[in-house]
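K.L.:
In the working numbering, the protein residues as written are 124 to 170.
I'd like to ask you about the structure that follows.
Below, the structure is given as structure tokens:
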């Protein structure tokens, strides 16, 4: 059974927008976490 018209369309757009924002935030956090410089004991500090 299919819906007729645009019933509930506004809520669907909000849910998709929230999902997109959460996806972008998650990808930004993962990129920052994996690309940040690490302090490792076998490398001398630069100065």
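For every residue, glycine included, the Cβ atom is placed at its ideal position computed from N, Cα and C.
Grouping DSSP H, G and I as helix and E and B as strand, with all else coil, what is residue 150?
P.N.:
helix
K.L.:
Pull up the distance between the alpha-carbon of residue 144 and that of residue 168, whole angstroms please.
P.N.:
37 Å
K.L.:
Output the distance between the C-alpha atoms of residue 142 and residue 160, rounded to the nearest integer angstrom.
P.N.:
29 Å
K.L.:
Cα separation between residue 163 and residue 132?
P.N.:
51 Å
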